[in-house]
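Novice: Position in the sequence shown (first residue = 1) + 19 = the numbering used here.
Okay, handing you the structure first.
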Amino acid sequence: MLIAETQAPVSSATQLRMSDLISALSYALDLTEGQPMGHAVKCCLLSMRLADILNLSVQDKCDLYYATLLKDAGCSSNAARMYEILGGDERKAKQEVKSTDWTKVSFEGLEYLLRNVMPGRSRLERVFAIASVATNRDAQTRELIDLRCDRGAQIAKKIGFSESTTAAIYSLDEHWNGRGFPAGRKAQDIPLFSRIMNLCQTLELFVTLNGVSDGFQVLRDRSGSWFDPQLVRAVVELEKDTELWNLVEQDRVREAVMEMEPISVSLYADEAKLDNVCEAFANIIDIKSPYTHSHSRGVTSIAVAICQRLALPEDQVTLVRRAALLHDIGKLSLPNNILDKAGKLTAAEWETVRLHPYYTQRILERIRGFQDLAFLASSHHERLDGSGYFRNLRAAQISPGARAIAVADVYDALSSKRPYRGALAKGEVFKIMAADVPHALDGDCFAALKSLDLTNSN
Ligand SMILES: [Fe+2]
Ligand SMILES: [Fe+2]
């Protein structure tokens, strides 16, 4: 369980439920993992149904519920390294790694490498790269999964989830036969929740790809190798549950999963917890690329300082702080071969980049009471003269808070190292920004920025 003091009466209409917050944010983790949005939520639905069959206690169900929603919390931490190893779209590779039995040296494994290592590069470069990936496969797989598991568990812990939730996330990729990662744990030595989650995520993936009967066939095929045979026997009763599989197909699946939260321990996000979750997700966003390792936190501290200089009301400053922490959550949809690209982006790549505030809006707007925050966060690339993206808003539609975040965002981006240039000095950054003031960037926010002590901003 999270913490007892965050519990509140279920009838409380104004409070934000943790299940609402975390299930919505899990859509961002799906994007990073190369999965369709809703993957983690559907896994959670399946894990709760399996928990019912297994007669788990309410407390166990609660721990499993949040572990499943946050199972991919560490996914952004290995994205840059995966791009470094494969040289291609790491999200596509991550998607395929789940549908391929990568523990076997097989034709299937070779096909995976052919599709994902340095696509678009010369034949010779690809042959060398594939040989290197194949030779170092075990060590690299261990490194990548270790990064992911460790980071995911740390994030869940930072948010305040229990030891069994964090342990379940850490051992998600272990296999019943001991050939999984990161520790090669075997059978009952693998935490039960990890065994349930691994089974449910594979079932969800194959049901989405090829239908219900194929999903269950994969479970039977991998029973005793990937999966606990007892769990496979227990879960088969869901195969004929047409109501369940209809629900999985529907848009309201997230609402259904929110309703399934083990109710006697229903968790609420008070102000401090909400800040904690925003900070944890800012971390997930920043760690995706070595070039943005402190971007969300940097933008947040500058935007808040600008708002305070402009004497905005306290509640607006709080909104700006949370929006700034989450402003680039849509960037989790971008592959690292675009994010970390050393050269000029192609027109198509640039179009993909321009979509990230749209995803920020789509992820955050699902949360009850987050409409203002979603709009604010997703407006950070808008410009006063309508030249920004993705809505091409104009001055009258851009709030003071959004203007402050935009100025802070440009400052932090220019004064940080990028794949194609070094970090720029403060004077040079101000000179570049001044050319956009006041027609594109707000003059008051820019003046406030220049008055700040920016020595520790990044
Ligand atoms: Fe952005
Ligand atoms: Fe940004």
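Backbone N, C-alpha and C fix where the C-beta goes; we use that ideal spot for every residue, glycine too.
Give me the residue from Gly243, Met67, Thr261, Val429 with the minimum Cα distance to Met447.
Specialist: Translated into the one-based positions of the sequence shown, residue 447 becomes position 428. Note on residue identity: the sequence assigns Glu, not Met, to residue 447. Ranking the options by Cα distance to Glu447, first place goes to Val429.
Novice: Can you give the beta carbon distance from Gly203 to Asp192, rounded, assuming they're within the 8 angstroms contact cut?
Specialist: Position 184 of the sequence shown, counted from the first residue, corresponds to residue 203. Position 173 of the sequence shown, counted from the first residue, corresponds to residue 192. Contact doesn't hold; Cβ gap of about 10 angstroms is too wide.
Novice: For the segment 289-296 and the segment 259-279, state whether three or more C-beta atom pairs, one from each stretch, are separated by less than 8 angstroms.
Specialist: Touching, no, given that fewer than three Cβ pairs across the two stretches are closer than 8 angstroms.
Novice: Enumerate in chain order the residues of its own chain whose CB-to-CB distance from Leu471 is below 6 angstroms, with the five nearest sequence positions on each side excluded.
Specialist: Against the sequence shown, residue 471 aligns to sequence position 452. Excluding residues within five positions, the ones whose Cβ falls inside 6 angstroms are Ala324.
Novice: Could you check if His346 belongs to the surroundings of ligand 1, using beta carbon to heavy atom distance under 7 angstroms?
Specialist: Walking along the sequence shown from the start, residue 346 turns up at place 327. Under cutoff, so the answer is yes.
Novice: Taking the CB atoms as reference points, tell me whether Ser45 and Met277 lie closer together than 8 angstroms.
Specialist: Here residue 45 is taken as the residue at index 26 of the sequence shown, counted from 1. Here residue 277 is taken as the residue at index 258 of the sequence shown, counted from 1. Taking 8 angstroms as the Cβ cut-off, Ser45 and Met277 do not qualify as a contacting pair.
Novice: Using only CA atoms, which one of Pro419, Ala396, Gly420, Ala423 lies nearest to Arg410?
Specialist: Indexing the sequence shown from 1 puts residue 410 at position 391. Comparing Cα positions, the closest option is Ala396.
Novice: Taking the CB atoms as reference points, tell me whether Leu351 and Leu50 lie closer together than 8 angstroms.
Specialist: The residue given as residue 351 occupies position 332 in the sequence shown. The residue given as residue 50 occupies position 31 in the sequence shown. Yes, the pair counts as a contact, with Cβ atoms nearer than the cut-off.
Novice: Where do the ends of the alpha helix (DSSP H) carrying Lys205 lie?
Specialist: Position 186 of the sequence shown, counted from the first residue, corresponds to residue 205. From DSSP, Lys205 is part of no alpha helix (DSSP H); its letter is neither H nor E.
Novice: Rounding to the nearest angstrom, what Cα-Cα distance links Cys62 and Met56 in this structure?
Specialist: As a first step, residue 62 must be located in the sequence shown, where it is residue number 43. As a first step, residue 56 must be located in the sequence shown, where it is residue number 37. Cα to Cα, the separation comes out at about 12 angstroms.
Novice: For Leu364, which of helix, strand or coil comes out of DSSP?
Specialist: For the purposes of this step, residue 364 is taken as residue 345 along the sequence shown, with counting starting at 1. Coil, per DSSP.
Novice: Distance check for Ala301 and Met279, CA to CA, integer angstroms please.
Specialist: Taking the first residue of the sequence shown as position 1, residue 279 is located at position 260. Taking the first residue of the sequence shown as position 1, residue 301 is located at position 282. Met279 and Ala301: Cα-Cα distance of roughly 27 angstroms.
Novice: Specify the secondary structure class of Arg381 as computed by DSSP and reduced to three states.
Specialist: The count along the sequence shown starts at 1 and reaches residue 381 at position 362. It is helical.
Novice: Tell me whether the beta-carbon of Arg36 lies closer than 8 angstroms to the beta-carbon of Leu257.
Specialist: As a first step, residue 36 must be located in the sequence shown, where it is residue number 17. As a first step, residue 257 must be located in the sequence shown, where it is residue number 238. In this structure, Leu257 does not lie closer than 8 angstroms to Arg36 by Cβ.
Novice: How long is the line joining the alpha carbons of Gln78 and Leu403, rounded to whole angstroms?
Specialist: For the purposes of this step, residue 78 is taken as the residue at position 59 of the sequence shown. For the purposes of this step, residue 403 is taken as the residue at position 384 of the sequence shown. Using only the alpha carbons, I get a separation of about 50 angstroms.
Novice: Would you tell me roughly how many angstroms separate the C-alpha atoms of Ala459 and Leu412, rounded to the nearest one?
Specialist: Taking the sequence shown and counting its residues from 1, one reaches residue 459 at position 440. Taking the sequence shown and counting its residues from 1, one reaches residue 412 at position 393. Cα to Cα, the separation comes out at about 11 angstroms.
Novice: Between Ser244 and Asn196, which are expected to be in contact by the criterion C-beta below 8 angstroms, what is the C-beta distance as a whole number of angstroms?
Specialist: Along the sequence shown, one-based indexing puts residue 244 at 225. Along the sequence shown, one-based indexing puts residue 196 at 177. Contact flag correct, Cβ pair sits at about 5 angstroms.
Novice: Is there at least one non-hydrogen atom of ligand 1 closer than 7 angstroms to the beta-carbon of Asp428?
Specialist: The residue you call residue 428 lines up with position 409 of the sequence shown. True, at least one ligand heavy atom lies under 7 angstroms from that Cβ.
Novice: Would you list the residues sitting across from Ser242 in a DSSP beta bridge?
Specialist: Counting from one through the sequence shown, the residue named residue 242 turns up at place 223. Answer is Phe246.
Novice: How would you label Ser31, buried or exposed, when you count the other beta carbons within 10 angstroms and need 16 or more for buried?
Specialist: Indexing the sequence shown from 1 puts residue 31 at position 12. Unreliable positioning characterises Ser31 in this predicted model, as indicated by a pLDDT of 35, which lies under 50. The coordinate reading is nonetheless provided below. Exposed: under 16 other Cβ atoms inside 10 Å.
Novice: Apart from the five residues just before and just after Ala322, which ones in its own chain have a Cβ nearer than 6 angstroms to its Cβ?
Specialist: Within the sequence shown, the letter at position 303 stands for residue 322. For Ala322, where only same-chain residues beyond five positions count, the Cβ hits under 6 angstroms are Val339, Ala343, Ala423, Ile424, Ala427.
Novice: Anyone know if the C-beta pair for Cys326 and Gly405 falls short of 8 angstroms?
Specialist: Working through the sequence shown from its first residue, we reach residue 326 at position 307. Working through the sequence shown from its first residue, we reach residue 405 at position 386. No, they are not a contact pair.
Novice: If we call anything under 8 angstroms between Cβ atoms a contact, is Ser435 one with Ala442?
Specialist: Mapped onto the sequence shown, residue 435 falls at position 416. Mapped onto the sequence shown, residue 442 falls at position 423. Against a cut-off of 8 angstroms, the Cβ pair of Ala442 and Ser435 comes out as a contact.
Novice: Can you find the residues in the same chain that come closer than 8 angstroms, C-beta to C-beta, to Glu333, ignoring five residues on each side of it along the sequence?
Specialist: For the purposes of this step, residue 333 is identified with residue 314 of the sequence shown, where counting begins at 1. For Glu333, where only same-chain residues beyond five positions count, there are no Cβ hits under 8 angstroms.
Novice: In whole angstroms, give me the CA-to-CA distance for Ala432 and Ile348.
Specialist: Reading the sequence shown from its first residue, position 413 is the one you call residue 432. Reading the sequence shown from its first residue, position 329 is the one you call residue 348. Whole-angstrom Cα-Cα distance: 16 angstroms.
Novice: Measure the C-alpha to C-alpha separation of Ile357 and Thr371 and round it to an integer number of angstroms.
Specialist: If you number the sequence shown from 1, residue 357 lands on position 338. If you number the sequence shown from 1, residue 371 lands on position 352. Taking the straight line joining both Cα atoms gives about 9 angstroms.
Novice: In angstroms, rounded to a whole number, what distance separates the CA positions of Leu364 and Tyr310?
Specialist: As a working mapping, residue 364 is identified with position 345 in the sequence shown. As a working mapping, residue 310 is identified with position 291 in the sequence shown. If I take the Cα positions, the gap works out to 16 angstroms.
Novice: To which residues does DSSP link Tyr287 through a beta bridge?
Specialist: By 1-based counting over the sequence shown, the position of residue 287 is 268. According to DSSP, Tyr287 bridges with Arg36.
Novice: Identify the continuous alpha helix (DSSP H) that holds Val456 and give its terminal residues.
Specialist: In the sequence shown, counting from the first residue as 1, residue 456 sits at position 437. Looking at the DSSP string, Val456 is not in any alpha helix (DSSP H), and its letter there is neither H nor E.
Novice: If contacts are defined as beta-carbon pairs under 8 angstroms, then Leu89 and Ala175 qualify, I think. What distance do you get, rounded to the angstrom?
Specialist: Translated into the one-based positions of the sequence shown, residue 89 becomes position 70. Translated into the one-based positions of the sequence shown, residue 175 becomes position 156. Going by Cβ atoms, the distance from Leu89 to Ala175 rounds to 5 angstroms, so yes, they are a contact pair.
Novice: In angstroms, rounded to a whole number, what distance separates the CA positions of Ala414 and Cys464?
Specialist: The residue you call residue 414 lines up with position 395 of the sequence shown. The residue you call residue 464 lines up with position 445 of the sequence shown. So the two alpha carbons sit approximately 13 angstroms from each other.
Novice: When DSSP labels each residue in this structure, what does Arg440 get in the three-state scheme?
Specialist: Walking along the sequence shown from the start, residue 440 turns up at place 421. Reduced to three states, the DSSP call for Arg440 is strand.
Novice: In its own chain, which residues sit with a C-beta less than 6 angstroms from the C-beta of Asp382, not counting the 5 before and 5 after it?
Specialist: Here residue 382 refers to the residue found at position 363 when the sequence shown is read from its first residue. The displayed chain sequence assigns Ile, not Asp, to residue 382. These residues qualify, in order along the chain: Tyr46, Ala47, Ile348.
Novice: Report the three-state DSSP secondary structure of Met279 (helix, strand or coil).
Specialist: Locating residue 279 in the sequence shown gives position 260, counting from the first residue. Met279: coil per DSSP, three-state reduction.
Novice: Cα separation between Arg15 and Ser315?
Specialist: Since the first residue shown for the chain is 20 and the last is 477, residue 15 is missing from the structure and cannot be characterised.
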